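Participant: This is the structure I have questions about; it appears just below.
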């Protein structure tokens, strides 16, 4: 169910782009417990001038940011979110991304805000999602 | 007022891309009652490897996903949302998209989160949006 | 901390695209008080047919829309948001964008929905963001 947007430099190789997408997905599985087959990702390569970031905001030395935006159902605890950030950053390091360059944003929505095919609202039918404490 | 992001394969023809955008818009008009001229859409074609999805999550046989993300004012009922998913999927089938391949996400925000030109907050001035039950 | 998505026509020059990104950032600094070095932006140029909009919805005569979507921590007052819309539109006019063509959407999230590098949740550590009234 999470929908993952990854915006990164087109100068990163197709091989690395795939490794980055794999890493973000594995981190969601590891840290939040989403099913391994619950994978929906949009990767958008950009010319370098299209990815703008400050090279030192809050003391983090960024050089080539990978933007990860994850839309997911609300209700994951702060602890789970912090685990997720660490796990994404660790796995992206294995894919050759400097930890300083991983910028992550979450956008939370409701259980009935999803249709993963056939025009049905499958999450409403399931009634819950992994790791969520509250039922919308 | 809804802002619609459509991410799809660049291998779909420009003609089909437009038909898909038209279908999503008509579904918003039909199911939620937005005005016919309340249309704001961003279509982004992708190389196939940039659109990642599981080919069978929750038993839906996906082959060539069209991602539809709709940002809209909160307050539409679950019933309206389910109507919207069905209507989008039906109209996209007419545009040649398999129902299994339509993945929809909603992101809800507040009435004062919109400016549709001239730096004004037109929805605040209107005071409401079609189909919404609550006034933020 | 705000993450800014700017989607605009590829027919706008690289020079103007940068001026637009600069203008949106300066408006966030001026109107909401974010730090000058708190800058994260993704610019996506599009072929004209990929940016769809009504040329007259709510009486605004649009010709070449620049879409600005800002993800930011919740809690800014309506007054601050209205100031932001006016300031963005004014500064984009200086960058050669007609005020009618500036369409802005805000998506608000929580303090613990951000990691700006190194896998940490820096906003949680800071405990607040400029201009926000409530502490999540």
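Residue numbers (the working numbering), protein chains in the order written: chain R, 8 to 143; chain P, 8 to 143; chain D, 8 to 143. C-beta: ideal position from N, C-alpha, C; glycine also. Here the structure is a predicted model, which means the values were calculated and not measured.
(1) Could you pull out every unbroken beta strand (DSSP E) segment of at least 3 residues lying fully inside the stretch 105-142 of chain P, listed in chain order?
(2) Identify the continuous beta strand (DSSP E) that holds residue 14 (chain D) and give its terminal residues.
(3) Hey, is residue 54 (chain D)'s beta-carbon within less than 9 Å of any beta-carbon in chain R?
(4) My assumption, with CB atoms under 8 Å, is that residue 130 (chain P) sits in contact with residue 80 (chain P). Please give the rounded CB distance.
(5) Residues of chain P with a CB under 8 Å from the CB of residue 76 (chain D): which are they?
(6) Listed from N- to C-terminal order along the chain, which residues in the stretch 101-114 of chain P have their beta-carbon within a distance smaller than 7 Å of any beta-carbon of chain D?
(7) What are the partner residues of residue 32 (chain D), as DSSP defines its beta bridges?
(8) DSSP beta-bridge partners for residue 59 (chain P)?
(9) Rounded to a whole number of angstroms, what is the C-alpha to C-alpha distance between residue 107 (chain R) and residue 71 (chain R)?
(10) From the DSSP secondary-structure annotation, give me the bridge partner or partners of residue 83 (chain R).
(11) Straight-line CA distance for residue 75 (chain P) to residue 28 (chain R)?
(12) Between the beta-carbon of residue 89 (chain D) and the beta-carbon of residue 34 (chain D), is there less than 9 Å?
(13) For residue 69 (chain R), collect the residues of the same chain with a Cβ closer than 6 Å to its Cβ; drop the 5 residues on either side in sequence, then sort them by chain order.
(14) Taking only beta-carbon atoms, is residue 71 (chain P) less than 9 Å away from chain D?
(15) Kindly indicate if chain R contains any beta-carbon less than 9 Å away from that of residue 144 (chain P).
(16) Rounding to the nearest angstrom, what Cα-Cα distance links residue 136 (chain D) and residue 41 (chain D) in this structure?
(17) Under the three-state reduction of DSSP, which class applies to residue 41 (chain D): helix, strand or coil?
(18) Roughly how many angstroms lie between the CA atoms of residue 124 (chain D) and residue 101 (chain P), to the nearest whole one?
(19) At a Cβ threshold of 9 Å, is residue 97 (chain D) touching chain P?
(20) Would you kindly work out how many angstroms separate the C-alpha atoms of residue 128 (chain R) and residue 111 (chain P), rounded to a whole number?
(21) Residues in the same chain with beta-carbon distance under 7 Å from residue 50 (chain D), minus the five sequence neighbours each way, listed in chain order, please.
(22) So, are the CB atoms of residue 9 (chain R) and residue 45 (chain R) less than 9 Å apart?
(23) How about residue 82 (chain P) and residue 115 (chain P): are their beta carbons less than 9 Å apart?
(24) In chain order, what residues of the same chain have a beta carbon less than 6 Å from the beta carbon of residue 30 (chain R), not counting five sequence neighbours either side?
(25) Do you know offhand how far residue 6 (chain R)'s Cα is from residue 43 (chain D)'s?
(26) Give me the DSSP bridge partner(s) of residue 76 (chain R).
(27) Please report whether the beta-carbon of residue 129 (chain D) lies at a distance below 9 Å from any beta-carbon of chain R.
(28) Within its chain, find whatever has a CB closer than 6 Å to the CB of residue 77 (chain D); leave out the 5 residues flanking it on each side and keep chain order.
(29) Examine chain D for any beta-carbon lying closer than 9 Å to the beta-carbon of residue 59 (chain R), and answer yes or no.
(30) Closest Cβ-Cβ distance between residue 84 (chain P) and chain D: below 9 Å?
(31) If I measure Cβ to Cβ from residue 52 (chain D) and keep anything under 6 Å in the same chain, skipping five residues before and after, which residues do I get?
(32) Would you please verify whether the beta carbon of residue 42 (chain R) is less than 9 Å from any beta carbon of chain P?
(33) Using a threshold of 9 Å, state whether the C-beta atoms of residue 58 (chain R) and residue 87 (chain R) are closer than that.
(34) Please identify the residue among D:122, D:93 and D:118 whose C-alpha is closest to the C-alpha of residue 122 (chain P).
(35) To the nearest angstrom, how far is it from the Cα of residue 32 (chain D) to the Cα of residue 95 (chain D)?
Facilitator: So, from the listed chains and residues:
(1) Qualifying beta strand (DSSP E) stretches, in chain order: 109-116.
(2) Its beta strand (DSSP E) spans residues 10-16.
(3) Closer than 9 Å: no.
(4) Going by Cβ atoms, the distance from residue 130 (chain P) to residue 80 (chain P) rounds to 7 Å, so yes, they are a contact pair.
(5) Correct list: 10 and 78.
(6) Those residues of the stretch 101-114 of chain P that come within reach of chain D (Cβ to Cβ, closer than 7 Å) are 114.
(7) Paired residues: none, contrary to the question.
(8) Per DSSP, the beta bridge partners of residue 59 (chain P) are R:48.
(9) When the Cα atoms are used, residue 107 (chain R) and residue 71 (chain R) turn out to be separated by approximately 9 Å.
(10) Answer is R:139, bridged to residue 83 (chain R).
(11) Straight-line measurement puts the Cα of residue 28 (chain R) at about 20 Å from the Cα of residue 75 (chain P).
(12) Not closer than 9 Å, so no.
(13) Take residue 69 (chain R), set aside five residues on each side of it, and the residues of its chain with a beta-carbon closer than 6 Å to its own are 60, 62, 107 and 108, in chain order.
(14) No - not a single Cβ of chain D is within 9 Å of the one on residue 71 (chain P).
(15) What the structure shows of chain P is the stretch from 8 to 143, and residue 144 (chain P) is not part of that stretch, so it cannot be assessed.
(16) Annotation: residue 136 (chain D) to residue 41 (chain D) spans about 8 Å, alpha carbon to alpha carbon.
(17) Coil, per DSSP.
(18) The straight-line gap from Cα to Cα measures roughly 44 Å.
(19) Yes, its Cβ sits closer than 9 Å to a Cβ of chain P.
(20) Approximately 9 Å between the Cα atoms of the pair.
(21) Excluding sequence neighbours, residue 50 (chain D) sits near 13, 24 and 28.
(22) Pairing residue 9 (chain R) with residue 45 (chain R) gives a Cβ-Cβ distance under 9 Å.
(23) The Cβ atoms of residue 82 (chain P) and residue 115 (chain P) lie closer than 9 Å to each other.
(24) For residue 30 (chain R), the CB contacts under 6 Å within the same chain, skipping 5 residues up- and downstream, are 98, 99 and 102 in chain order.
(25) Residue 6 (chain R) is absent from the model: chain R starts at 8 and stops at 143.
(26) For residue 76 (chain R), the beta-bridge partners assigned by DSSP are R:12 and R:112.
(27) Output row for residue 129 (chain D): interface = yes.
(28) Closer than 6 Å at the Cβ level, and outside the excluded window around residue 77 (chain D), lie 9, 11 and 113.
(29) It does: the Cβ of residue 59 (chain R) has a partner Cβ on chain D nearer than 9 Å.
(30) By the rule that beta-carbons nearer than 9 Å mark a contact, residue 84 (chain P) does not touch chain D.
(31) A distance below 6 Å between beta-carbons, with the five flanking residues on each side excluded, links residue 52 (chain D) to the following residues of its chain, in chain order: 17.
(32) Chain P contact via Cβ: present.
(33) No, the Cβ-Cβ distance between residue 58 (chain R) and residue 87 (chain R) is not below 9 Å.
(34) When each option's Cα is compared against that of residue 122 (chain P), the closest is D:93.
(35) CA-CA distance, residue 32 (chain D) to residue 95 (chain D), rounds to 8 Å.
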